[in-house]
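Note that the protein sequences, when read in sequence, are chains A and B. The first sequence lines up with residues 1 to 167 when you count with the numbering used here. The second sequence lines up with residues 1 to 71 when you count with the numbering used here.
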Amino acid sequence: MKLYEGTLAIGLCWALAAGSACAVDAGQPVPQIELVGSTGAKKLSDLQGKVVYIDFWASWCGPCRQSFPWMNDMQRKYGANGLQIVGINLDAKRIDADQFLSQLPAQFALAFDAKGESAKKFGVKGMPTSVLIGKDGKVLLTHQGFRDEDRKALEDMLIAAMAAKAN
Amino acid sequence: MKKAISAACVLVLAGCSSLSPPQAWEKGNLAKPEMTMGSDTLDERFVQHIYSSKENASGGYGVGGGGCGCN
Numbered sequence: 001m002k003l004y005e006g007t008l009a010i011g012l013c014w015a016l017a018a019g020s021a022c023a024v025d026a027g028q029p030v031p032q033i034e035l036v037g038s039t040g041a042k043k044l045s046d047l048q049g050k051v052v053y054i055d056f057w058a059s060w061c062g063p064c065r066q067s068f069p070w071m072n073d074m075q076r077k078y079g080a081n082g083l084q085i086v087g088i089n090l091d092a093k094r095i096d097a098d099q100f101l102s103q104l105p106a107q108f109a110l111a112f113d114a115k116g117e118s119a120k121k122f123g124v125k126g127m128p129t130s131v132l133i134g135k136d137g138k139v140l141l142t143h144q145g146f147r148d149e150d151r152k153a154l155e156d157m158l159i160a161a162m163a164a165k166a167n
Numbered sequence: 001m002k003k004a005i006s007a008a009c010v011l012v013l014a015g016c017s018s019l020s021p022p023q024a025w026e027k028g029n030l031a032k033p034e035m036t037m038g039s040d041t042l043d044e045r046f047v048q049h050i051y052s053s054k055e056n057a058s059g060g061y062g063v064g065g066g067g068c069g070c071n
């Protein structure tokens, strides 16, 4: 009786413990998501062949105020080289996102995911989270937060991704 | 009967670990300024520094402006 109860207890406790979503690791194929509310591509798979930089943002996220001008810059500089930045908004209320955008307009593609389905698939752990996807549709890197020191390193990664040959 | 009781006990013991904390993108309400301790910002930065240097403790002081995206 003791062994059975013991294993049952341990097993149940383990099963009940909050399971975290698996974060997307570098080298994995990118999860397929829909880009709702986007004026451009409707599905992430439509952007295959381009270097895609996905940024999960929200109006209440402080570092996003820094990252938007940088992303506008990057899209302007490298858009012609095959870079597509997609900002996926995770605000529960669309009006908050619109308010943010009226102050910091985005010159890159936007999608709106109030329920957070795409964030779950990508295993987003912090805000903002950005995911760089290569031309072959594989994740190159996942990055959390946005600080001044990150700008140069991220730009270098973008350049490297664009220089890589598509498979 | 005993099995039912033991199963119930296990559920109680598991406690709130069976409920998941809010996901990173669900913290919009937590990020509002009303949800912070509300004291002088410079003072808060000072206190945060003390906590992190003496206890390596972080967090609990507001979501969204952290810059590391981990809150």
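Built from N, CA and C at the ideal position, the CB exists for glycine as well.
Which of helix, strand or coil DSSP assigns to residue i
| i | result |
| --- | --- |
| residue 55(B) | helix |
| residue 161(A) | helix |
| residue 122(A) | helix |
| residue 142(A) | strand |
| residue 149(A) | coil |
| residue 33(A) | coil |
| residue 10(B) | helix |
| residue 43(A) | strand |
| residue 17(B) | helix |
| residue 24(A) | coil |
| residue 55(A) | strand |
| residue 4(B) | helix |
| residue 2(A) | helix |
| residue 60(B) | coil |
| residue 48(A) | coil |
| residue 31(B) | coil |
is_contact[residue i, chain A] using C-beta, thresh 8 Å
| i | result |
| --- | --- |
| residue 28(B) | yes |
| residue 24(B) | yes |
| residue 8(B) | no |
| residue 4(B) | no |
| residue 68(B) | The predicted model places residue 68(B) with a pLDDT of 46, which falls under 50 and marks its position as unreliable; any figure quoted below should be read in that light. Answer yes: the Cβ-Cβ gap between residue 68(B) and chain A drops below 8 Å somewhere. |
| residue 31(B) | yes |
Supposed contact pair residue j and residue i - C-beta distance, whole angstroms, cut 8 Å
| i | j | result |
| --- | --- | --- |
| residue 59(A) | residue 99(A) | 6 Å |
| residue 57(A) | residue 81(A) | Actually they are not in contact, since the Cβ atoms of residue 57(A) and residue 81(A) sit about 23 Å apart, beyond 8 Å. |
| residue 30(A) | residue 142(A) | Incorrect: roughly 11 Å between the Cβ atoms, too far for contact. |
| residue 139(A) | residue 41(A) | Contact flag wrong, Cβ pair sits at about 18 Å. |
Beta carbon proximity, residue i to chain B, threshold 8 Å
| i | result |
| --- | --- |
| residue 116(A) | yes |
| residue 87(A) | no |
| residue 56(A) | yes |
| residue 125(A) | yes |
| residue 119(A) | yes |
| residue 60(A) | yes |
| residue 154(A) | no |
| residue 101(A) | no |
| residue 92(A) | yes |
**Report entry** 3 or more residues per run - each beta strand (DSSP E) lying fully within the region 59–139 of chain A
**Finding:** Taken in chain order, the complete beta strand (DSSP E) segments of 3 residues or longer contained in the region 59–139 of chain A are 83–89, 109–112, 129–133.
**Report entry** Cβ contact check for the region 116–135 of chain A and the region 18–25 of chain B: 3 or more pairs under 8 Å
**Finding:** As far as the Cβ criterion goes, the region 116–135 of chain A touches the region 18–25 of chain B, which means the pair count is three or higher.
Query raised in the report: Using 8 Å as the Cβ pair cut-off and three pairs as the minimum, do the region 22–42 of chain A and the region 106–114 of chain A touch?
Result: The region 22–42 of chain A makes contact with the region 106–114 of chain A; the number of CB pairs closer than 8 Å reaches 3 or more.
Report task. Determine, using beta-carbon pairs with one atom in the region 45–61 of chain A and one in the region 83–101 of chain A, whether at least three such pairs fall under 8 Å. Result -> As far as the Cβ criterion goes, the region 45–61 of chain A touches the region 83–101 of chain A, which means the pair count is three or higher.
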